[in-house]
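Its first residue numbered 774, the sequence shown is counted upward by one per residue in our numbering.
Report on one structure; see the data block that follows.
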Amino acid sequence: MILLDGKAVASEIKQLLKKEINGYIKNGLRPPSLAVILVGDDPASNVYVKNKRESSEEVGINSLCLKLPSETTEEELLKLIEKLNNDDDIDGILVQLPLPPHIHTQKVIEAISPTKDVDGFHPLNMGKLATNVKDGVIPCTPLGIWLMLKHYKIPTFKKDVVIVGASNIVGKPMSLLFLKNEEATVTVCHRNTRDLKSHTLAAEILIVAVGKPKLITADMVQEGAVVIDVGINKLENGKLVGDTDFEKLKEKVSAITPVPGGVGPMTVASLLVNTVHLYRLRHGFPAHPLTEI
Ligand code: GUN
């Protein structure tokens, strides 16, 4: 069984980015820059934003962290985004989700210029992913999962891939990545799927992004499957677990991601890749090679 060590792979990607950014600076260019907006004080979001900031700085990306109170109005947030859209020194804008309920998330996502949309959530970038148009932005978690599979040389061509969870952030864009170039056969399961187990048992590659501890038990996976667990669930005892019964699955599968230390660090590494990708496009360079799929 191979433990898919996202922390180690992310660290390699960060080393590569650091070298690349040093090259730009040696040539007299400014460093890439990322603006992260956090509205309110959700404790999990605070941790994610801190991780994003520290990782950016590790590789030489300037990070601007804008923390706004939970009472911030939609109008104020949209004004801030417009200001950042018009700032030539900003390459990427990320609004941490979830937003407080009085703010329309989709409106905010659509206000971010598609050329600064590091999350790849703007409908134009989603549409580019869906229709194979170059120079878009691939959402960070699907890109991170893809880069991890490629790092471990796990074959994806002609495979039966099953994705559990159909969110705009993970499940849907992940399915589009596997459909690109007619790479794999994809099944997407969700809360209205009638017989989840019949689908997960058929998966050669199983990706789970639901947010329910132990949703996937050992009897639901085939011998030798590759399992990617995107879930991050905090149990009452404070322990972090994924969406799969890791201890039982690891006896049966050929490869699996741990939680924490699997998909999470790869998502952050992909955010840095996307920031450098948008920086390159802004400066007239081609798309970042790690985003070419
Ligand atoms: N909240 C949970 N995941 C994400 C993500 O990938 N991007 C943003 N902006 N917020 C999130």
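The C-beta atom is built at its ideal place from N, Cα and C for all residues, glycine as well.
Computed from a prediction, not measured in an experiment: that's the story for all the values here.
Counting only the same chain and skipping the five closest in sequence on each side, list residues whose C-beta sits under 7 Å from that of Asn806.
Correcting the residue type first, residue 806 is Ser in the shown sequence and not Asn. Result list for Ser806: Ile834, Asn835, Leu837, Asp862, Ile863, Asp864, in chain order.
So, for Asp890: in the same chain, excluding its five sequence neighbours on each side, which residues have a beta-carbon less than 6 Å away from its beta-carbon?
Excluding sequence neighbours, Asp890 sits near Asn898, Val910.
Could you tell me how far apart the beta carbons of Thr878 and Leu870 are, in whole angstroms, since I believe they sit closer than 8 Å?
That pair is a contact at about 6 Å.
Around the Cβ of Thr990, are there at least 16 other Cβ atoms within 10 angstroms (buried) or fewer (exposed)?
Under this definition Thr990 is an exposed residue.
His895: buried (16+ other C-beta within 10 angstroms of its C-beta) or exposed?
So His895 ends up on the buried side.
Distance check for Val1000 and Ser971, CA to CA, integer angstroms please.
The alpha-carbon atoms of Ser971 and Val1000 are separated by roughly 16 Å.
Flag Gln879 as yes when its Cβ comes closer than 6 Å to any non-hydrogen atom of ligand 1, and as no otherwise.
The answer is no for Gln879.
If we ignore side chains and look at the alpha-carbon of each, how far apart do Ala817 and Lys1007 end up?
Spanning the two alpha carbons is a distance of roughly 10 Å.
Considering only C-alpha positions, which residue in the set Ser1043, Cys913, Gly813, Thr958 is nearest to Leu850?
Ranking Ser1043, Cys913, Gly813, Thr958 by Cα distance to Leu850 puts Gly813 first.
Flag Cys962 as yes when its Cβ comes closer than 6 Å to any non-hydrogen atom of ligand 1, and as no otherwise.
Flag unset: Cβ of Cys962 not near ligand 1.
Nearest to Arg964 by alpha carbon, out of Trp919, Val1003, Val937, Lys825?
That would be Val937, whose Cα lies nearest to the Cα of Arg964.
Beta carbon of Asp892: closer than 6 Å to some heavy atom of ligand 1?
Result yes, Cβ under 6 Å from ligand 1.
For Leu902, which beta-bridge partners are listed by DSSP?
According to DSSP, Leu902 bridges with nothing at all.
If distances are taken between C-alpha atoms only, which option among Gly1015, Trp919, Leu988, Tyr925 comes closest to Ala957?
Comparing Cα-Cα distances from Ala957 to each of Gly1015, Trp919, Leu988, Tyr925, the minimum goes to Trp919.
Does at least one heavy atom of ligand 1 sit under 6 Å from the Cβ of Cys913?
Flag set: Cβ of Cys913 near ligand 1.
Under three-state DSSP, which class holds Asp890?
Strand.
Given the structure, does Gln788 come close to ligand 1, in the sense that its CB is under 6 Å from one of the ligand's heavy atoms?
It does not: the Cβ of Gln788 is nowhere closer than 6 Å to a heavy atom of ligand 1.
If you draw a straight line from the alpha carbon of Lys907 to that of Asn1010, how long is it in whole angstroms?
So the alpha carbons of these two residues sit roughly 46 Å apart.
Please state whether DSSP places Ser940 in a helix, a strand or coil.
Here Ser940 sits in coil by DSSP.
Pull up the distance between the alpha-carbon of His1050 and that of Pro928, whole angstroms please.
The alpha-carbon atoms of His1050 and Pro928 are separated by roughly 25 Å.
Do you know how far the Cα of Glu848 is from the Cα of Gly1015?
Their backbone Cα atoms lie some 36 Å apart in a straight line.
Alpha carbon to alpha carbon, how far is Gln788 from Val832?
Each residue's alpha carbon lies about 7 Å from the other.
In this structure, does DSSP put Thr960 in helix, strand or coil?
Strand at Thr960.
For Gly724 and Pro804, I'd like the C-alpha separation in whole angstroms.
Residue 724 cannot be examined here, being either before or after the span of the chain that is shown, 774 to 1066.
Could you work out which residue in Leu853, Leu857, Gly1037 is closest to Val943 when comparing CA atoms only?
Nearest of Leu853, Leu857, Gly1037 to Val943, Cα basis: Gly1037.
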